[in-house]
Ligand code: PPE
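Numbering (this note's numbering), first residue to last: 52 to 359.
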């Protein structure tokens, strides 16, 4: 991370080192925050944000479930994100908007704590390693289960929920895997620590449903749309663990991970052990649209420069 960037904090851009919080900030103690991860891509018309509206909508959905009032409108947040990208002169970047309960007393109930809002931008290449998109990654099924539906609202992006993701990610790294896949409380496949999962078997594409404690991934939605465009049927249904081993293809989707093929699970080779044709076609579509090489037929890009 470069410390040269400016950070949008509570309504204005401040130098990196001034964007600090007090040690009694509620979020630091209890994970009381909501956040997003967004990418802006380098296009011929300058930097363009991918699915900006959908990400900002999900930020407000997270806040709604968490009963947190964000003191800006969604339109103001969208503008602030674009302003921050331009102020930092990025061609392409990852954007992290975060709304959090700041200092206001230490007790579990956050209601007395004011809500702070920041937008951090940074250059961020391939999430799961430089060769991941082409060659695929080796993963393992986690011994940590994704949260049961009546414990945490998995569909939205609340800071504290990422303790579960951290446990999954740390365990995977300790076992020499690039990432872990967690099962849901019923034992069906849920998702990675920071990605949704797709399975290709017998020419069909399957992905775990909302009831499997998944984040409602925006890349997941885009991939389902693109797959339908390409003539594949996509089913949202419970995925038994053994399907991970028996699939023709497996891949992760996420803003950071984009579409990352999975070449082995628990040491068992998936399909041909390399990126499969479905993942390759979907990557070409998604990254083609994001980078402006293909027409933006679904209206997913927001150019940052006026008139672009
Ligand atoms: N599941 C989880 C748990 C998750 O965190 C992400 C995003 C996804 C699925 C994919 O969602 P979407 O980005 O809307 O397609 N994970 C973020 C990375 C987390 C991190 O900070 O590292 C991301 O991709 O931005």
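Ideal placement from N, C-alpha and C gives every residue a C-beta, glycine not left out.
Beta-carbon gap between residue i and residue j smaller than 9 Å
i: residue 131; j: residue 175; result: no
i: residue 291; j: residue 239; result: yes
i: residue 148; j: residue 214; result: no
i: residue 242; j: residue 188; result: no
i: residue 191; j: residue 226; result: yes
i: residue 236; j: residue 199; result: yes
i: residue 222; j: residue 308; result: no
i: residue 128; j: residue 152; result: no
i: residue 354; j: residue 97; result: yes
Simplified DSSP state of residue i, which is helix, strand or coil
i: residue 116; result: helix
i: residue 267; result: coil
i: residue 237; result: coil
i: residue 89; result: strand
i: residue 287; result: strand
i: residue 435; result: With the chain running from 52 to 359 in the structure shown, residue 435 is simply not present.
i: residue 296; result: helix
i: residue 214; result: helix
i: residue 159; result: coil
i: residue 330; result: helix
i: residue 253; result: coil
i: residue 311; result: strand
Beta-bridge partners of residue i, as assigned by DSSP
i: residue 226; result: Partner(s): none; residue 226 has no beta bridge.
i: residue 373; result: There is no way to answer for residue 373, as the model of the chain reaches only from 52 to 359.
i: residue 51; result: There is simply no residue 51 to check, as the chain begins at 52 and stops at 359 in what is shown.
i: residue 242; result: 233
i: residue 147; result: 171
i: residue 152; result: 166
i: residue 258; result: 287
Alpha carbon of residue i to alpha carbon of residue j, nearest angstrom
i: residue 76; j: residue 166; result: 10 Å
i: residue 112; j: residue 123; result: 14 Å
i: residue 140; j: residue 94; result: 14 Å
i: residue 172; j: residue 101; result: 14 Å
i: residue 194; j: residue 216; result: 12 Å
i: residue 303; j: residue 197; result: 16 Å
i: residue 4; j: residue 150; result: The structure shown has nothing for residue 4, since the chain only spans 52 to 359.
i: residue 269; j: residue 306; result: 8 Å
i: residue 267; j: residue 201; result: 16 Å
i: residue 121; j: residue 324; result: 45 Å
i: residue 206; j: residue 87; result: 13 Å
i: residue 331; j: residue 186; result: 11 Å
Contact test: residue i Cβ vs the ligand NAD heavy atom, cutoff 8 Å
i: residue 271; result: Of the ligands this structure carries, namely the ligand PPE, none is the ligand NAD.
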